[in-house]
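Student: Residue numbers for the sequence shown, in our numbering: 4 to 280.
Quick reminder that beta carbons are idealized off the backbone N, C-alpha and C, glycines included.
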Amino acid sequence: MTSLLGLSTYAYTWRMSDRVPAPMTLDDVLHNAAAHDGVDLFQICDHAPLDTASDERLAAVRALADKLGLTLEVGTRGTHPDHLARYLHVAERLGATLVRSMWSAGDDLPDPAETERRLRAVLPAYEAAGVTLALETYEVVATTDLVDVVARIGSPALGICLDPANTVARLEHPADVVALTAPWVRNWHVKDSGFTRSPGWVGFQYTGVPIGTGVLDHDAVRTAIDPDRRGINRVIEFWLPWQDASLGFDGDPAQTTTRTEAAWTEQTIEYLRSKES
4 MTSLLGLSTY
14 AYTWRMSDRV
24 PAPMTLDDVL
34 HNAAAHDGVD
44 LFQICDHAPL
54 DTASDERLAA
64 VRALADKLGL
74 TLEVGTRGTH
84 PDHLARYLHV
94 AERLGATLVR
104 SMWSAGDDLP
114 DPAETERRLR
124 AVLPAYEAAG
134 VTLALETYEV
144 VATTDLVDVV
154 ARIGSPALGI
164 CLDPANTVAR
174 LEHPADVVAL
184 TAPWVRNWHV
194 KDSGFTRSPG
204 WVGFQYTGVP
214 IGTGVLDHDA
224 VRTAIDPDRR
234 GINRVIEFWL
244 PWQDASLGFD
254 GDPAQTTTRT
264 EAAWTEQTIE
274 YLRSKES
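#1: Along the alpha helix (DSSP H) that carries N169, what are the first and last residues, could you check?
#2: Below 8 Å CB to CB, which residues in the same chain sit around D220 once its five sequence neighbours on both sides are set aside?
#3: Might you give, ordered along the chain, the residues of its own chain that have their beta carbon closer than 6 Å to the beta carbon of V93, omitting 5 neighbours on each side?
#4: Using CA atoms only, rank isn't needed, just tell me which of A248, H34, V152, L87 is closest to T74.
#5: Helix, strand or coil, according to DSSP, for D146 in the structure here?
#6: Alpha carbon to alpha carbon, what distance is there between L44 and L10?
#7: Indicate the three-state DSSP secondary structure (helix, strand or coil) for A137 in the structure shown.
#8: For Y209, which of helix, strand or coil comes out of DSSP?
#9: Can you tell me which of T146, P113, A88, L165 puts its alpha carbon nearest to the alpha carbon of P127?
#10: For E119, which residues of its own chain have a beta-carbon under 6 Å away from its beta-carbon, when the five flanking residues on both sides are left out?
#11: Is the distance from the Cβ of A160 to the Cβ of Y129 below 7 Å?
#12: Where does the unbroken alpha helix (DSSP H) through I228 begin, and where does it stop?
#13: Just list the residues that DSSP pairs A108 with in beta bridges.
#14: By DSSP's criteria, T74 is part of a beta bridge. Which residues make up the other side?
#15: How close, in whole Å, do the beta carbons of A1 and E95 come, if the pair is a contact with beta carbons under 8 Å?
#16: Considering I239, what are the terminal residues of the beta strand (DSSP E) in which it resides?
#17: Applying the criterion that 16 or more other CB atoms from any shown protein chain within 10 Å of the CB defines a buried residue, is G72 buried or exposed?
#18: Which word fits A99, buried or exposed, when buried means at least 16 other C-beta atoms lie within 10 angstroms of its C-beta?
#19: Are T263 and Q246 close, meaning C-beta to C-beta below 7 Å?
#20: Tell me the rounded alpha-carbon separation between Y13 and D30.
#21: Are there 16 or more other CB atoms within 10 angstroms of the CB of T199, so buried, or fewer, so exposed?
#22: Out of L149, A38, H50, which one is the CA nearest neighbour of R80?
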């Protein structure tokens, strides 16, 4: 099996945002992603325009990705059957075989029984379409609850999107999260993160850092989930803080931030490719 290396819209958070003078469009981002050696995948994740995009627009995005040699995945939030049905439609139009979602969406936080009911209602359609639904590990839901639901349903179209950085906010150790989820991982969000003291030493800030410099053990995760053997795609994303005077940066914050985001992209790609050699 093949483990594709990909970028996410979360690797372009600031470059696509209205905080910069000329935000990149989705088409711009796809062109940029395809220009990086070794990148064969792009995950359009939590990109609100997909919620209402016409079939014509979806066809245009797919055509561009095909032209650029990119495989697409999509990401959204929530488990309501109507919403997941919409994203199955989006995935099929884009030629995507994976939809990443999250247990909750805004104020909609179903309990495990309701989540299981919802997933059982929608999964037959995902199975028939050959599309995997991967629910992400994050701080709102205990990883044990997430694993219990996924394991109890036991569908080949249901798995977990592993992001061990998220669950630190729930006081779950990344190594424990990796061990619990490993058999069900279908997608891996790759980034690094670390703690710094807040100004005045009042508490801590937990943010993204350049890969290989933080608290996450990339090699241990890779060993545990074995992405190459299992065909688990690796999707790069960041928690890059806005680079302004509060962090000690001089100059234009938008320019500094976008340049840093681009640099982190290159650095992370090279780091991951070095692990393959």
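Tutor: So, from the data block:
#1: The sequence position of residue 169 within the sequence shown is 166, counting from 1. Judged by DSSP secondary structure, N169 falls outside any alpha helix (DSSP H); it is assigned neither H nor E.
#2: Here residue 220 refers to the residue found at position 217 when the sequence shown is read from its first residue. Correct list, in chain order: P177, A178.
#3: Within the sequence shown, residue 93 is the residue found at index 90, counting from 1. The answer, listed in chain order, is L53, V77.
#4: The count along the sequence shown starts at 1 and reaches residue 74 at position 71. Of all alpha-carbon atoms in A248, H34, V152, L87, the one lying nearest the alpha-carbon of T74 is that of H34.
#5: To locate residue 146, count along the sequence shown from 1; it is residue 143. One detail in the question is off: residue 146 reads as Thr in this sequence, not Asp. It is helical.
#6: Along the sequence shown, one-based indexing puts residue 10 at 7. Along the sequence shown, one-based indexing puts residue 44 at 41. Cα to Cα, the separation comes out at about 6 Å.
#7: Position 134 of the sequence shown holds residue 137. The answer is strand: DSSP assigns A137 an E or B state.
#8: Residue 209 sits at position 206 when you count from the first residue of the sequence shown. Y209 falls in the strand class under three-state DSSP.
#9: Taking the first residue of the sequence shown as 1, we reach residue 127 at position 124. Per the Cα distances, A88.
#10: Within the sequence shown, residue 119 is the residue found at index 116, counting from 1. Cβ within range, chain order: V152.
#11: Reading the sequence shown from its first residue, position 157 is the one you call residue 160. Reading the sequence shown from its first residue, position 126 is the one you call residue 129. A Cβ-Cβ contact shorter than 7 Å links A160 with Y129.
#12: In the sequence shown, the residue the question calls residue 228 occupies position 225. Note, I228: alpha helix (DSSP H), 221-228.
#13: As a working note, residue 108 is residue 105 in the sequence shown. The partner list for A108 (beta bridge, DSSP) reads D111.
#14: One-based indexing of the sequence shown puts residue 74 at position 71. For T74, which the question treats as bridged, DSSP gives the partners L44.
#15: Nothing can be reported for residue 1: it is not among the residues displayed for the chain, which extend from 4 to 280.
#16: As a first step, residue 239 must be located in the sequence shown, where it is residue number 236. Residues 236-239.
#17: Counting from one through the sequence shown, the residue named residue 72 turns up at place 69. So G72 counts as exposed.
#18: The residue labelled residue 99 in the question sits at position 96 within the sequence shown. That one is buried.
#19: As a first step, residue 263 must be located in the sequence shown, where it is residue number 260. As a first step, residue 246 must be located in the sequence shown, where it is residue number 243. Contact flag set, yes.
#20: For the purposes of this step, residue 13 is taken as the residue at position 10 of the sequence shown. For the purposes of this step, residue 30 is taken as the residue at position 27 of the sequence shown. When only Cα atoms are considered, Y13 and D30 end up about 15 Å apart.
#21: Reading the sequence shown from its first residue, position 196 is the one you call residue 199. By the 10 Å Cβ count, T199 comes out exposed.
#22: Counting from 1 along the sequence shown, the entry for residue 80 is found at position 77. The shortest Cα separation from R80 among L149, A38, H50 belongs to H50.
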